[in-house]
Amino acid sequence: MEQLTQDFLRTKKLPHIWCPGCGNGIVTAALVRAIERAGYNQQDVVIVSGIGCSSRAAGYLNFNTLHTTHGRALAFATGLKMARPELKLFVIMGDGDCSAIGGNHFIHAARRNIDLNAVIINNHIYGMTGGQHSPLTPTGMKATTAPGGTLERPFDLLELARGAGATFGARGNAAQPRQLEQLISRAANHKGFSVVEALSQCPIAYGRRNKLGGAVEMLREMKDKAVSVEKASTMDVDELKDKTLSGVIYSVDAPEFSEEYYRSIGKA
Amino acid sequence: MAETKPVLMQGNEACAEGAISAGVRFYAGYPITPSTEVAELMAAKLPELGGVFIQMEDEIASMAAVIGASIGGMRTLTASSGPGFSLKQENIGYAIMAEIPCVIVNVQRMGPSTGVPTAPAQGDVMQTRWGTHGDHPIIVFSPASVYETFYLTIAAVNLSQKLRQPVIMLLDEVIGHMREKVLIPEAGKLLVEKSSDNVPADWKPYDEKGLTPLVPFGFGHYYHVTGLFHDQYGFPTGDPPQVERALDRIHGKLEKYRDEIVLTNYIGHKEPRVVIIAYGCTVRSARAVVKKAYWQNRLPVGLLSLQTLWPFPDKEVAAIAKQADVIIVPEMNMGQIVGEVERYACGNAEIVPLNRYDGEMISPDQISELLGRWL
Amino acid sequence: MSNRQEVLLTGAGGQGLILASIILAEAAVNDNKNVVQTQSYGPEARGGASMAGVIIDVDTIEYPKVTKPSVLLCMNQASFNKYIPKVEESCIIIVDSTFVSGSYREDYKITALPITQAAREQLGREVVANMLALGAINAATGLVDREIFRESIFKLAPKGSGELNQQAFDLGYRLFNEGMGQNLGISSQTPQ
Ligand code: SF4
């Protein structure tokens, strides 16, 4: 197992650019282990990413890697998947990247139900540019562009995707990396558009400004708030307040776009 | 080249047909007048050929999908107009930086903004040159007929593959929408360069030694593609000497193959006093004038038509300026190419712009009236 | 330039003028001539006015726009009112008297034919009025070899309607020849 991880990492490209205590590395490691677990050929795997701290992950992984423009990762991935449906595409995005500038591509990838595995690293902030609020920043939280706390309401990313037609949605977090790994591998096995929201910590641009402590405290809080889907079914509304659901939130079967396309032209 | 029976074809159709003849099998686009026919034809034809047609959610996504498919090894095309072409700029810059071949069609309409969607104009000449940010090389072709549209699209596909460089087909509404008699060679007789399949063992995606073919994803060469400045393997770098070398290299490709890229055509008097420099549909009006003035009346006039706008035909213009006293530059804009002509004429000829920007074509009468001042 | 023939087809959207212009252009190509076809685009082409131009020449065609029509077809009143003042006296003008009435300058060469009415009454299909108009135009001008024209119509007409469209084309010829004999001018029929 460890040996394989070495193969899939571009060790020469390390150390990475992330700040100490950043959650991006934890999520990336979970992704790599999930790919190993799926048993794909290295040459069949493509990592696509957008722009932001999290999207730099692509550069550290030893596959064909495509670091695109801000928000557009899913659109690039759609073209590549349609050209080469046999490839396995993992699309790493940040919360702002995916849900603000990339929001249109996100809902349309979901609508098409194209077989892409979207992994959104949600740290509730634009990290690379120094801490501006994103569509996933909870109301009231501070950012450089919301010094008094943001008045805006956040998306529920998984519900947004479900409404748009995504057929698989799961949520994990950096504090529970084994579960996250399992969720990503289930997403990989799912045929159709899958979304894994990976909650993660940005102690530098988000934690500090909102007095959430360092990485350790942030991870602890993340873990405390997480409630599995199974457990949540036994809890009432009051108990669920301030909790975040984790696990596979939905998984349904529906025709997958690239397969349907090639079938329709008689080449499936 | 064996030519078959003549057919009636629309400019936009010729663009799609040319692309298909050149091996394009992937199209991503978004509907916009006056370029929509390109998409409609591709939607009808590509599935039959085993190719992919996809209508994306917007122009930005169309450009992105095309780049993604090119990285997968397909020859790709997208078409747009006006506001849609503006939206494509960011990812055109990406394709230039990451050296991903693709052909982008812009059937110009009158702007700025929504403008007059169905009126012809040539207002995007400078946008094709500098539409995306940063110092970047670009190739732009501008056909003057349906026939030229067909052949220049093939050239665009071939050059984009060879140089790993996006190429823009800049049509105007007149050329895109008119139907005309064309002679199209039989399928299979066209010169289409094949993508190279023997890759050297020490292949590097961004080899500093010179042109190197793109090895599509999925064949065991694990490289990185990014819009950041990068080293020979595609990995990000901000190291000043490497950054400078990388920028020199992408510009150098076009300089090295300049004579293959820059296409112009001269008709008229051997020692002209007045020369018209035109491109796109304006060439047609200018040619009507020159035919009459030179072929019928033997007046010392000529026409330099530019099939390639960028890189700018500097040498050709400089040479003409040394011969002619006056150069007339008719354009359906407020004056874009005329500035380049002035720059390379180096004061050797008087440069006279002829601009029309009311959404109508420049007529032969307008040109001959102006010409009359010197003859 | 002397061989240059400019045909302007005008009327309302839905009268099949764009298709007629493409068929005329295709027929001219098949008859070994150079040809350029253009049409009006934009909102007006979505149901309002419709206009298409076909330029035919033995020489190369440079300027692609119609400037001095040698043939004008008016299929409704609005187009008649709009284009008549724009053409020269030498222009051959054919109007559909089903929809057009009114006075005109005597020095114009106007042939008024009940194009749509004849399509409806004699062929049972108004939609082929456009082919009937082409028949009349070709009878008046001999722009394209008649047989080549008929073949082109058969090839380009919607599937299964080739023969009907050819019949309409022939009826156009007949109508024109009869109309000329009677020297009709503009009919005073009220629009229907
Ligand atoms: S700014 Fe935040 S998200 Fe970015 S690397 Fe630092 S800790 Fe991670």
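Protein chains in written order, with our numbering: chain A, 678 to 945; chain B, 279 to 653; chain C, 1447 to 1638.
All residues carry an ideal CB built from backbone N, CA and C; glycine is no exception.
Contact shell at 5 Å, judged by CB to any heavy atom of ligand 1, ordered along the chain: Answer in sequence order: A:695, A:696, A:699, A:730, A:804, A:879, A:881, A:882.
Separation of residue 1586 of chain C from residue 1636 of chain C, as counted between CA atoms: Unreliable positioning characterises residue 1636 of chain C in this predicted model, as indicated by a pLDDT of 36, which lies under 50. The coordinate reading is nonetheless provided below. Taking the straight line from one Cα to the other gives about 25 Å.
Span of the beta strand (DSSP E), counted from its first residue to its last, around residue 462 of chain B: Start and end: 457 to 463.
Residue-chain proximity (residue 1609 of chain C, chain B), Cβ-Cβ < 8 Å: Output row for residue 1609 of chain C: interface = no.
Residue 742 of chain A and residue 372 of chain B closer than 8 Å at C-beta: Not a contact, by the Cβ cut-off of 8 Å.
Any C-beta of chain B under 8 Å from that of residue 693 of chain A: Cβ-Cβ to chain B under 8 Å: no for residue 693 of chain A.
Which of helix, strand or coil DSSP assigns to residue 293 of chain B: Looking at residue 293 of chain B - three-state DSSP - the assignment turns out to be helix.
According to DSSP, residues forming a beta bridge with residue 502 of chain B: Assignment of beta-bridge partners to residue 502 of chain B by DSSP yields A:742.
Residues within the region 393 to 413 of chain B neighbouring chain A, beta-carbon criterion of under 9 Å: Answer set for the region 393 to 413 of chain B: empty.
Sequence-distant residues of its chain with Cβ nearer than 6 Å to residue 1481 of chain C (five each side left out): In chain order, 1471, 1474, 1475, 1502 place their CB closer than 6 Å to the CB of residue 1481 of chain C, counting only its own chain and leaving out the 5 sequence neighbours on each side.
Status (buried if at least 16 other CB within 10 Å, exposed otherwise) for residue 576 of chain B: Result: exposed.
Residue 477 of chain B, buried or exposed, once every other Cβ within 10 Å from all chains shown has been counted against 16: With fewer than 16 other Cβ atoms within 10 Å, it is exposed.
Helix, strand or coil at residue 641 of chain B [DSSP, three-state]: Correct three-state label for residue 641 of chain B: coil.
Residues from the region 1468 to 1499 of chain C in contact with chain B, defined by Cβ distance under 7 Å: So the close ones are 1468, 1471, 1472, 1475, 1480, 1481, 1482, 1483, 1484, 1487, 1488.
Beta-ladder partner(s) of residue 1555 of chain C, from DSSP: According to DSSP, which records beta bridges pairwise, residue 1555 of chain C is partnered with C:1538.
Nonlocal neighbours in the same chain, by C-beta distance under 6 Å from residue 310 of chain B, ignoring five residues either side: Around residue 310 of chain B: 358, 359, 362.
Cβ neighbours of residue 777 of chain A in the same chain (closer than 8 Å, five flanking residues each side left out): Closer than 8 Å at Cβ, skipping near neighbours: 748, 811, 812.
For residue 531 of chain B, the nearest candidate out of B:509, B:589, B:479 (CA to CA): Checking every option, the nearest Cα to that of residue 531 of chain B belongs to B:589.
Supposed close pair residue 382 of chain B, residue 370 of chain B - CB separation, criterion 8 Å: Indeed, because the Cβ distance is near 6 Å, the residues count as touching under 8 Å.
Chain B contact for residue 749 of chain A (CB, 8 Å cutoff): Chain B, which has a Cβ nearer than 8 Å to the Cβ of residue 749 of chain A, makes this yes.
Same chain, Cβ closer than 6 Å to residue 1464 of chain C, five either side skipped, listed in chain order: 1485, 1498.
Rounded straight-line distance, which links the Cα of residue 519 of chain B to that of residue 1507 of chain C: A straight-line Cα-Cα distance of about 54 Å links residue 1507 of chain C and residue 519 of chain B.
When A:841, A:863, A:740 are compared against residue 688 of chain A, the one with the closest alpha-carbon: Per the Cα distances, A:740.
Residue-chain proximity (residue 721 of chain A, chain B), Cβ-Cβ < 8 Å: Chain B places a beta carbon closer than 8 Å to that of residue 721 of chain A, counting this residue as a contact.
Chain-ordered residues of the region 340 to 358 of chain B with a beta carbon less than 9 Å from chain A: Listed in chain order, the positions of the region 340 to 358 of chain B with a beta carbon within less than 9 Å of a beta carbon of chain A are 340, 341, 342, 343, 344, 345, 346, 347, 348, 349, 350, 351, 352, 354.
Meets three-Cβ-pair contact criterion under 8 Å: the region 1533 to 1545 of chain C and the region 1593 to 1605 of chain C: Contact between the region 1533 to 1545 of chain C and the region 1593 to 1605 of chain C is absent, because fewer than three Cβ pairs lie under 8 Å.
Nonlocal neighbours in the same chain, by C-beta distance under 8 Å from residue 1523 of chain C, ignoring five residues either side: So the qualifying residues of the chain are 1545, 1546, 1547, 1548, 1637.
Which listed residue (C:1588, C:1624, C:1516, C:1602) has its alpha carbon closest to that of residue 1431 of chain C: The structure shown has nothing for residue 1431 of chain C, since chain C only spans 1447 to 1638.
Neighbour list for residue 496 of chain B in chain A, Cβ cutoff strictly below 8 Å: In chain order: 720, 721, 723, 741, 761, 763, 764.
Top-ranked residue by Cα proximity to residue 894 of chain A, from A:909, A:700, A:713, A:784: The option with the nearest alpha carbon to residue 894 of chain A is A:700.
Expected contact under 8 Å - CB spacing of residue 421 of chain B and residue 453 of chain B to nearest Å: So it is a contact: roughly 6 Å between Cβ atoms.
Chain B contacts made by the region 802 to 820 of chain A, where a contact means CB separation under 8 Å: Cβ contacts with chain B come from no residue of the region 802 to 820 of chain A.
The region 813 to 828 of chain A touching the region 788 to 802 of chain A, judged by at least three CB pairs closer than 8 Å: Verdict: yes, contact present.
Buried or exposed by the 16-neighbour rule on C-beta atoms within 10 Å, applied to residue 280 of chain B: Summary for residue 280 of chain B: the model assigns pLDDT 48, below 50, so the residue's position carries little reliability; its value from the coordinates is reported in the next sentence. In this structure residue 280 of chain B is exposed. Its beta-carbon is surrounded by fewer than 16 other beta-carbon atoms within 10 angstroms.
Simplified DSSP state of residue 1461 of chain C, which is helix, strand or coil: In the structure shown, residue 1461 of chain C sits in coil (DSSP, three-state: anything other than H, G, I, E or B).
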